[in-house]
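*Asks:*
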Amino acid sequence: MHALLLVVTTFLACVSASLTSDLPTVFQPIADEVNAFTSSRLLRSHEERGIPVSTIGNIKSKFMPSTISEKTLRGWLNGRETADDVFVWLSLGRGKGELFNKRKFGTWVKYVDDLTKQHPESGMSTLSKLTSYYGDERLSQMIITAQKNPKTQDLAADLQARQLQYWLDNKKAPAKVFKLLELNKAGGNLVDNPQVSAWLSY
Numbered sequence: 005m006h007a008l009l010l011v012v013t014t015f016l017a018c019v020s021a022s023l024t025s026d027l028p029t030v031f032q033p034i035a036d037e038v039n040a041f042t043s044s045r046l047l048r049s050h051e052e053r054g055i056p057v058s059t060i061g062n063i064k065s066k067f068m069p070s071t072i073s074e075k076t077l078r079g080w081l082n083g084r085e086t087a088d089d090v091f092v093w094l095s096l097g098r099g100k101g102e103l104f105n106k107r108k109f110g111t112w113v114k115y116v117d118d119l120t121k122q123h124p125e126s127g128m129s130t131l132s133k134l135t136s137y138y139g140d141e142r143l144s145q146m147i148i149t150a151q152k153n154p155k156t157q158d159l160a161a162d163l164q165a166r167q168l169q170y171w172l173d174n175k176k177a178p179a180k181v182f183k184l185l186e187l188n189k190a191g192g193n194l195v196d197n198p199q200v201s202a203w204l205s206y
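With our numbering applied, the sequence shown closes on residue 206, and no number is skipped along the way.
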C-alpha cells in the first residue's frame with residue numbers, strides 16, 4: 005500500500021511539473037498579441053508617420069463583411085472608434101493596389117468626416133490623418149493618379165480641394181505646392197496640365 009501511494013505521489017508531482025513548464029509556451033502567443041497591440045497604440049498616440057498597424061486589428065479585419073452597414077458605422081461613431089483603428093479594420097493599409105481603388109476607402113472617408121463633426125475638439129481631419137499616413141508628397145501623387153481614373157476622379161478632386169486648404173492652413177509656400185502638384189515635371193506642357201488651375205487657386 006505504501007509503495008502504491010509513493011508511485012501515485014511521484015506521478016502527480018511529474019504531471020504538475022510538466023503543466024507548469026508548459027504554461028509559458030501556451031500563453032506566449034497571447035502575450036505577443038498584447039505587446040504588438042500596445043506598441044501600435046503607443047505609436048499612434050504619438051502621431052508617428054506611417055500606415056497604422058495593429059495585430060489584433062488585422063485579425064478583426066478578416067471577419068469584416070465586404071460592405072459596411074450604416075448601423076455598423078453608427079456603432080463605431082457612438083463608441084468613438086479611432087480613424088486609425090477603422091483604417092486597419094477595413095484593410096486599407098494591406099495588400100496591393102492603390103488606396104483609391106479600394107471600395108472601403110470611401111467608407112473610411114465618410115466615417116472620419118462624421119467623427120470629426122461629432123468631435124470637432126479633436127482637431128483631426130481626414131486630410132490630417134491621410135497626411136500622417138503617407139506624407140504630403142506621396143499623398144499628392146496618389147490623388148493626382150486617382151484623378152485620371154473615371155471611377156475615382158470625383159473622390160480625388162474632393163480630397164485635393166481639402167489638401168489645398170490643409171496646405172493653406174499650414175502656410176505651405178506656393179513654390180512647394182508647385183512641386184507637390186508635380187508641375188515642375190510638366191515641361192512644355194505646363195499650360196495644358198490640369199493641376200495648373202489647382203495651383204493658381206492656391
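We treat Cβ as the ideally placed atom computed from N, Cα and C, and that holds for glycine.
The structure presented is a predicted model; accordingly, all values stated were derived computationally and were not measured.
If I measure Cβ to Cβ from residue 159 and keep anything under 8 Å in the same chain, skipping five residues before and after, which residues do I get?
*Replies:* 104, 109, 110, 113 and 150.
*Asks:* How many angstroms separate the CA atom of residue 91 from the CA atom of residue 97?
*Replies:* Cα to Cα, the separation comes out at about 7 Å.
*Asks:* When you compare only the Cα positions, how much space is there between residue 191 and residue 136?
*Replies:* In a straight line, the C-alpha of residue 191 is about 30 Å away from that of residue 136.
*Asks:* Would residue 166 and residue 143 be called neighbours here (beta carbons separated by less than 7 Å)?
*Replies:* For residue 166 and residue 143, no; Cβs fall outside 7 Å.
*Asks:* Using 7 Å as the threshold, is the C-beta distance between residue 115 and residue 77 below it?
*Replies:* A contact, by the Cβ cut-off of 7 Å.
*Asks:* Would residue 202 be called buried (16 or more neighbouring beta carbons within 10 Å of its own) or exposed?
*Replies:* Under this definition residue 202 is a buried residue.
*Asks:* Is residue 155 buried or exposed, if buried means 16 or more other CB atoms sit within 10 Å of its CB?
*Replies:* Label assigned to residue 155: exposed.
*Asks:* In its own chain, which residues sit with a C-beta less than 8 Å from the C-beta of residue 186, not counting the 5 before and 5 after it?
*Replies:* The residues are 144, 145, 148 and 199.
*Asks:* Kindly indicate the opening and closing residues of the alpha helix (DSSP H) around residue 78.
*Replies:* First-last of the alpha helix (DSSP H) with residue 78: 74-82.
*Asks:* Using the beta-carbon count (16 or more within 10 Å), is residue 129 buried or exposed?
*Replies:* Residue 129 is buried by the Cβ-count criterion.
*Asks:* Is the beta carbon of residue 121 sitting closer than 7 Å to the one on residue 87?
*Replies:* Taking 7 Å as the Cβ cut-off, residue 121 and residue 87 do not qualify as a contacting pair.
*Asks:* Suppose contacts are defined by Cβ-Cβ distances below 7 Å. Is residue 94 in contact with residue 118 by that definition?
*Replies:* For residue 94 and residue 118, no; Cβs fall outside 7 Å.
*Asks:* Mind listing, in chain order, the continuous alpha helix (DSSP H) runs of no fewer than 4 residues lying wholly within the region 117-195?
*Replies:* Taking only runs of at least 4 residues, the alpha helix (DSSP H) segments lying wholly in the region 117-195 are 130-138, 140-150, 157-173 and 178-184.
*Asks:* Does residue 89 pass the burial test, meaning 16 or more other C-beta atoms within 10 Å, or should it be called exposed?
*Replies:* Classification for residue 89: buried.
*Asks:* I need the straight-line Cα distance from residue 177 to residue 75, nearest angstrom please.
*Replies:* The straight-line gap from Cα to Cα measures roughly 43 Å.
*Asks:* Helix, strand or coil for residue 95 per DSSP?
*Replies:* Note: residue 95 maps to coil in three-state DSSP.
*Asks:* Please state the DSSP three-state secondary structure of residue 115.
*Replies:* Three-state result, residue 115: helix.
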